[in-house]
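Asker: Structure provided below as structure tokens; questions to follow.
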Ligand code: HEM
């Protein structure tokens, strides 16, 4: 049982680290570097291609985090038995997942269509929306990390 929960926690932490760390890299390094070095006709297809690869990984990470998290809850005796911080993690985790789905199927889908049509102002507007929503999800992710790790002390 100890090995099973350890493996589940490992999968859980790899998934959320990829997701939150990946958002930080996209937000603080990739996008600013693209803005500083590329003109819109190069930058917008580049960002659409980078987000396409990142969001594929995030889709796998979201499913892995949710399944491993719920399996951990079951292994720890169910929601009635776990610490309040796990309830907070679950609630905020679901908000983060809903926000990711919104980004993936609304502004990101519109970004891909605008890039395919070479409509650079429209594509830039969608990328601006994605940047703001990713910043919100990144903040939530850091809050959830704090809740999961520091919250256990209370
Ligand atoms: C949405 C569904 C989620 C569920 C059901 C869930 C559930 C759990 C459970 C049961 C544990 C083990 C707690 C313990 O050993 O006492 C755990 C650990 C952890 N989770 Fe989640 N989690 C979810 C999402 C997330 C998200 C989105 C993040 C980060 C952004 C996150 C970060 C962590 C961390 C850092 C730990 C390790 C805490 C520690 O061992 O100190 N979880 N999670």
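In the UniProt record's numbering, the protein residues as written are 1 to 154.
Don't be surprised by glycine CBs; every beta carbon is placed ideally from N, CA and C.
1. With a threshold of 6 Å on Cβ separation, who are the neighbours of residue 121 within its own chain once the five nearest residues in sequence on each side are excluded?
2. Please classify residue 10: is it buried, with 16 or more other beta-carbons within 10 angstroms of its beta-carbon, or exposed?
3. Go ahead and label residue 94 buried or exposed: buried means 16 or more other beta carbons lie within 10 angstroms of its beta carbon, across all protein chains shown.
4. Please state the DSSP three-state secondary structure of residue 133.
5. Is residue 76 near the ligand HEM - that is, is its Cβ less than 7 Å away from at least one heavy atom of it?
6. Do you know how far the Cα of residue 131 is from the Cα of residue 112?
7. Per the contact definition of three or more C-beta pairs closer than 8 Å, is the stretch 68 to 78 in contact with the stretch 124 to 141?
8. Does the Cβ of residue 58 lie closer than 7 Å to at least one heavy atom of the ligand HEM?
9. Output the residue ranges of the alpha helix (DSSP H) runs that lie fully inside the stretch 50 to 134 and measure 4 residues or longer, sorted by chain position.
10. Pop quiz: residue 34 and residue 46 are said to be a contact at Cβ under 8 Å. What is the actual Cβ separation, rounded to whole angstroms?
11. For residue 16, count neighbouring Cβ atoms within 10 angstroms of its own Cβ and tell me buried if that reaches 16, exposed if not.
12. If I'm right that residue 124 touches residue 44 with Cβ under 8 Å, what's the distance once you round it to whole angstroms?
13. Decide if residue 107 is buried, meaning its Cβ has at least 16 other Cβ atoms within 10 Å, or exposed.
14. Pick out whichever of 133, 25, 7 and 36 has its Cα sitting closest to the Cα of residue 104.
Answerer: Result, derived from the coordinates:
1. None.
2. The residue is exposed, with fewer than 16 neighbouring Cβ atoms inside 10 Å.
3. exposed
4. helix
5. yes
6. Distance between the alpha carbons of residue 112 and residue 131: 15 Å.
7. no
8. Taking 7 Å as the cut-off, one finds no heavy atom of the ligand HEM near enough to the beta carbon of residue 58.
9. Within the stretch 50 to 134, the runs of alpha helix (DSSP H) at least 4 residues long that lie entirely inside it are, in chain order, 84 to 105 and 107 to 116.
10. 6 Å
11. buried
12. 6 Å
13. Burial call: buried.
14. Out of 133, 25, 7 and 36, the CA that lies nearest to the CA of residue 104 is found in 133.
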